[in-house]
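Letter by letter, the sequence shown follows residues 396 to 678 of my numbering. Idealized CB from N, CA, C, for every residue including glycine.
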Amino acid sequence: MDPSEKTPMTGTSICFREFDVPRLSQAIGIHLLQWHEVNDPESQVLGDLGCWTVWETHPSSMIKSMDITDISWTRAPAWVERTFLSVHHSHASFWSLASLGFPETRSKSLEFSLTNRPSPQHQVSLPLDDHVLCFDFFYYVGAHHTWEWESDYSPAWRFIVDAHSRRAMSEPTPPYISVHIRHGDFSHQCKEVSEAQEELRTRKGIDATHLIMTSDERDPEWWSDVGALGHPVFIDAIIQSNGAGFVGTRDSTMSTLANRRVQSWNDGATQLVRWGRPGADDH
396 MDPSEKTPMT
406 GTSICFREFD
416 VPRLSQAIGI
426 HLLQWHEVND
436 PESQVLGDLG
446 CWTVWETHPS
456 SMIKSMDITD
466 ISWTRAPAWV
476 ERTFLSVHHS
486 HASFWSLASL
496 GFPETRSKSL
506 EFSLTNRPSP
516 QHQVSLPLDD
526 HVLCFDFFYY
536 VGAHHTWEWE
546 SDYSPAWRFI
556 VDAHSRRAMS
566 EPTPPYISVH
576 IRHGDFSHQC
586 KEVSEAQEEL
596 RTRKGIDATH
606 LIMTSDERDP
616 EWWSDVGALG
626 HPVFIDAIIQ
636 SNGAGFVGTR
646 DSTMSTLANR
656 RVQSWNDGAT
666 QLVRWGRPGA
676 DDH
């Protein structure tokens, strides 16, 4: 596991060791090997490694996070992909990728004329490593369906969230609407908030006057505008998921997850704002 695995797109680096890795390893009964256990992070030697690539796109930030390794990429066979129509959103399944770690499937796959990209620093084309099975990017990987993270599921985060909500509001957690505003996507979300509030009043008899705003926006002026609306500011990605209602950005991964959780956990009112062209969210 890359110790500084990034969140999708341009998210901030999160070291995997920040999570309780030993506890996870014990719970699933599998030893989890972290990257610093494979290569010495203090080493001045640039090592060589052959890895599989599924999408042949390697964000420079991802490569820099493994800056002690010079990687040569071999294109995975087309059969690992679940979709073929979209170049940018081809999906793969975990088991199709896992099968490449077994000798027979690996050997048969390498019989095809697969593209091999030389490593960027040493400019050498390396065979796939015999001991380390590695891939370039796992964002579009699922167990069975494409876009699986848009499906509903229910981990135990809700109990942690409730404690943080009470701490933020200094009172027992009232019904609230969480609002996720992704940087630069849209500026006028009040209509959707009002619609979510009205749905909660009509369908469940809940008057959700509290709002919690979350965003990746770093401009202090922008947050001042939010404060002027009277909305409390509490930045925590998971807090989005426990609201009675939710307003987010269509096609944002964080909004999609929070949207499904609010629907599943709280039978909540949700709105995803369309964007990308004038009038995209007119309705």
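Cβ-based neighbour list, residue i, same chain, cut-off 6 angstroms, excluding 5 preceding and 5 following
i	result
TYR535	HIS486
PHE581	Since pLDDT at PHE581 reaches only 45, below the 50 mark, its modelled position is unreliable, and no value is offered.
PRO543	Just to set this straight, residue 543 is Glu in the shown sequence, not Pro. So the qualifying residues of the chain are GLY537.
GLU413	none
PRO550	For PRO550, the predicted structure reports a pLDDT of 41, less than 50, and the residue's modelled location is therefore unreliable. A value from the coordinates is still provided. Excluding sequence neighbours, PRO550 sits near nothing in its chain.
TYR548	For TYR548, the predicted structure reports a pLDDT of 48, less than 50, and the residue's modelled location is therefore unreliable. A value from the coordinates is still provided. Same-chain partners within the cutoff: there are none.
VAL440	none
PRO522	GLY445
Residue j beta carbon less than 7 angstroms from that of residue i
i	j	result
ASP465	GLN516	yes
SER607	ALA639	Checking the displayed sequence, the identity of residue 607 turns out to be Ile instead of Ser. Contact: no.
VAL642	GLN666	yes
ALA471	VAL449	yes
VAL519	LEU492	no
PRO570	ALA591	no
THR541	ARG477	yes
Cβ neighbours of residue i in the same chain (closer than 8 angstroms, five flanking residues each side left out)
i	result
THR500	SER494
LEU509	THR469, ARG470, ALA471 and PRO472
LEU419	LEU427
VAL433	VAL527
Residue from the options with nearest C-alpha to residue i
i	options	result
LEU652	VAL574, GLU587 and ALA591	VAL574
ASP662	ASN637, ARG645, THR644 and ASP415	ASN637
HIS431	GLU451, CYS410 and ILE425	CYS410
TRP490	GLU594, PHE533 and ASP415	PHE533
HIS539	ILE572, LYS503, LEU523 and SER488	SER488
ASP381	ASP614, GLU451 and SER502	No statement about residue 381 is possible, as the shown extent of the chain runs from 396 to 678 and does not include it.
ALA598	ILE572, PRO615 and ALA664	For the record, residue 598 in the displayed sequence is Arg; it is not Ala. Taking only the C-alpha atoms, the option nearest ARG598 is ALA664.
Cβ separation of residue i and residue j, assumed to be a contact under 8 angstroms, to the nearest whole Å
i	j	result
SER467	SER438	Contact doesn't hold; Cβ gap of about 19 angstroms is too wide.
Cβ neighbours of residue i in the same chain (closer than 7 angstroms, five flanking residues each side left out)
i	result
ARG656	SER636
SER455	Legend: pLDDT at SER455 = 48, less than 50; position of this residue unreliable, value from coordinates given subsequently. Closer than 7 angstroms at Cβ, skipping near neighbours: no residue.
ILE679	In the structure as shown, the chain begins at 396 and stops at 678. Residue 679 is therefore absent and cannot be evaluated.
GLY496	LEU528
ARG512	SER467 and TRP468
PHE507	PRO472
Can at least three beta-carbon pairs, one atom from the segment 518-529 and one from the segment 429-449, be found at a separation below 8 angstroms?
-> They touch, by the three-pair rule.
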